[in-house]
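Note sheet for the following structure.
Right, here's the structure in full:
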């Protein structure tokens, strides 16, 4: 081979390597780019990918009957004129969900040929899943903390797709309303957030795990005004009264007892989180009281030590959240970037991170000490995990900057942190896909939950420094 050909060949090889390196760098930039700086096209691709994945799932994996028939049997009583909750039941037991559930599944009963047209019901849940995903993305869209690479996990859970598409659980509707409330809170539409939050509670009471954080947001958004906060809570109450009116005017005690029973004991064999605890302890009132005390203690710690101290502008540790949640045009003008300054909560993006942080930590405190976690309960908190992991891992970065806005020098370490987050999400996913529940899996899940909770309690709210970011050419 002539020297000229050899030189030309080496040049082509170097060019190919250069192209591959550029491609790798672009992918790297995308994965670590904060959601607020990620083009909408990539989120649209996630939605399309999930829609296609849903269609593949319902065509290749058979539907599994668990609660759908019982749901149909329960709402059939309502459609036949029954209003006494004590007389409404299905194969799995009495009706224990509030009025919103009854109305939604009554509509499904009619649309799906008395519940027999499972295929059509699955298609409806496909589009419910799409709406749910859109609301999750909308809530995270302005986040400066969550990197796009972690948001990809929103569409990768086998168990969550099963909950929506193969089991048709009512958790899907409850969490769709909840994420609508979160997205509305991020946009400062707190009246709408109250309506959506209450609608979620009207489907299933698990939404109340977010209640402490939501109350805090309402309290601070109203300027710590007791009257204004009560007005917001009044909106929630009115929604419950209107929805429950047919039952409240007929058999109020039966409705309140069945639909809002707080002392319900779940079946031990389906509990994913406490299999290593003897069953007689699991069902005891003392065990439930102990978990309740731990839950409330964690909420108080978050409220006093974390939520009240969310930084907002340089040097403002106390009371910053209120300005964040009431942020507007003037607040944006006041925001200045500088070396070592905190994430400005007064911008729309910073406000989003405050809302997500408060709501997600409120809920994880309840999840860790939940009396029981059945398989479908995974949908309650799966979509909060990427953001919580991003918050928890931020302090480990050499520069202390948000995970989605790291420096070039921290890039290698950031890859390791993304890998750690992936392993965490993968481990939780595996636990919720193992059947039947086992004591070993429950111990693993408890350790993961406690690790996340402890990390969130000791980790400061992420800070961003004024420096170039690999994920963006802009200086923040």
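In full-length UniProt numbering, the protein residues as written are 1 to 476.
Even glycine gets a Cβ: it sits at the ideal position worked out from N, Cα and C.
Under a Cβ-count criterion, where at least 16 other Cβ atoms within 10 Å of its own Cβ denotes burial, should residue 286 be classed as buried or exposed? Here residue 286 is taken as the residue at index 286 of the chain shown, counted from 1. So residue 286 ends up on the exposed side.
Decide yes or no for the touch test of the region 188–203 against the region 94–110: beta carbon pairs closer than 8 Å, at least 3 of them. Using a C-beta cut-off of 8 Å, the region 188–203 makes contact with the region 94–110, since at least three inter-stretch Cβ pairs fall below that distance.
Going by DSSP, what residues sit across from residue 89 in a beta bridge? One-based indexing of the chain shown puts residue 89 at position 89. Looking at the DSSP assignment, residue 89 forms a beta bridge with 94.
Can you check whether the CB of residue 78 is closer than 9 Å to the CB of residue 102? One-based indexing of the chain shown puts residue 102 at position 102. One-based indexing of the chain shown puts residue 78 at position 78. Going by C-beta atoms, residue 102 is nearer than 9 Å to residue 78.
Give me, in chain order, the residues of the same chain whose beta-carbon lies closer than 8 Å to that of residue 92; leave out the 5 immediate sequence neighbours on both sides. Within the chain shown, residue 92 is the residue found at index 92, counting from 1. Counting only Cβ-Cβ distances below 8 Å, and skipping sequence neighbours, we find 67, 70.
For residue 252, name the three-state secondary structure that DSSP assigns. For this step, residue 252 is matched to residue 252 along the chain shown. Reduced to three states, the DSSP call for residue 252 is helix.
On a Cα-Cα basis, can you pick out the residue from 372, 461, 356 that is closest to residue 140? In the chain shown, the residue the question calls residue 140 occupies position 140. With distances taken between Cα atoms, residue 140 lies closest to 356.
Which residues in the same chain as residue 239 place their Cβ atom closer than 8 Å to its Cβ, once the five residues preceding and following it in sequence are excluded? Counting from 1 along the chain shown, the entry for residue 239 is found at position 239. Within the same chain, 194, 195, 198, 199, 202 come within 8 Å of residue 239 by CB-CB distance, once the 5 residues on both sides are set aside.
Alpha-carbon to alpha-carbon, residue 415 and residue 409: Stepping through the chain shown from its first residue, residue 409 is reached at position 409. Stepping through the chain shown from its first residue, residue 415 is reached at position 415. Because the pLDDT of residue 409 is 42, which lies under 50, any placement of that residue in the model is unreliable, and the number read from its coordinates should be weighed accordingly. Rounded to whole angstroms, residue 409 to residue 415 spans 12 Å at the Cα level.
If you draw a straight line from the alpha carbon of residue 341 to that of residue 310, how long is it in whole angstroms? Along the chain shown, one-based indexing puts residue 341 at 341. Along the chain shown, one-based indexing puts residue 310 at 310. Note on residue 341: pLDDT 39, under 50, position unreliable in the model; the coordinate value appears next. In a straight line, the C-alpha of residue 341 is about 13 Å away from that of residue 310.
Pull the bridge partners of residue 34 from the DSSP assignment, please. Translated into positions along the chain shown, residue 34 becomes position 34. DSSP, once it has assigned bridges, lists 147 as partnering residue 34.
Looking at residue 147 and residue 418, is the spacing between their C-beta atoms short of 9 Å? Residue numbering aside, residue 418 sits at position 418 when the chain shown is read from its first letter. Residue numbering aside, residue 147 sits at position 147 when the chain shown is read from its first letter. Yes.
Can you round the beta-carbon distance between residue 268 and residue 279 to whole angstroms, since I take them to be within the 8 Å contact cut? Looking up residue 268 in the chain shown gives position 268. Looking up residue 279 in the chain shown gives position 279. Contact holds; Cβ gap of about 5 Å.
In chain order, each alpha helix (DSSP H) run of at least 4 residues that lies wholly inside the region 175–258: 190–203, 211–221, 226–248
Hey, residue 213 and residue 30: beta-carbon distance below 9 Å or not? Here residue 213 refers to the residue found at position 213 when the chain shown is read from its first residue. Here residue 30 refers to the residue found at position 30 when the chain shown is read from its first residue. Cβ distance not < 9 Å, so residue 213 and residue 30 don't count as in contact.
I'd like to check one pair, residue 452 with residue 385: are the Cβ atoms closer than 9 Å? In the chain shown, counting from the first residue as 1, residue 385 sits at position 385. In the chain shown, counting from the first residue as 1, residue 452 sits at position 452. Going by C-beta atoms, residue 385 is nearer than 9 Å to residue 452.
Contact set for residue 180: own chain, Cβ-Cβ below 6 Å, skip 5 residues either direction: Walking along the chain shown from the start, residue 180 turns up at place 180. Taken in chain order, the residues that qualify are 135, 196.
Could you compute how far the alpha carbon of residue 121 sits from the alpha carbon of residue 53? Residue 121 sits at position 121 when you count from the first residue of the chain shown. Residue 53 sits at position 53 when you count from the first residue of the chain shown. Cα-Cα distance, rounded: 17 Å.
With a Cβ-Cβ cutoff of 9 Å, do residue 497 and residue 178 count as a contact? Residue numbering for the chain in the displayed model covers 1 to 476; residue 497 lies beyond these limits and cannot be assessed.
State the start and end residues of the unbroken alpha helix (DSSP H) segment that holds residue 380. Here residue 380 corresponds to residue number 380 of the chain shown, with the count starting at 1. First-last of the alpha helix (DSSP H) with residue 380: 378–381.
Alpha carbon to alpha carbon, what distance is there between residue 358 and residue 105? Stepping through the chain shown from its first residue, residue 105 is reached at position 105. Stepping through the chain shown from its first residue, residue 358 is reached at position 358. When rounded, the distance between both Cα atoms is 31 Å.
Under a three-way DSSP split, which group does residue 275 fall into? Within the chain shown, residue 275 is the residue found at index 275, counting from 1. Of the three classes helix, strand and coil, the one that applies to residue 275 here is coil, per DSSP.
Alpha carbons only, please: which of 446, 433, 422, 379 is nearest the one belonging to residue 173? The residue given as residue 173 occupies position 173 in the chain shown. Among 446, 433, 422, 379, the Cα nearest to that of residue 173 belongs to 379.
Label residue 350 either buried or exposed according to how many other C-beta atoms from any shown protein chain fall within 10 Å of its C-beta, with 16 as the threshold for buried. The sequence position of residue 350 within the chain shown is 350, counting from 1. When all chains shown are included, residue 350 counts as buried.
Compute the distance between the beta-carbons of residue 109 and residue 270, then report whether it is under 9 Å. On the chain shown, residue 109 is found 109 positions in, with the first residue counted as 1. On the chain shown, residue 270 is found 270 positions in, with the first residue counted as 1. No, they are not a contact pair.
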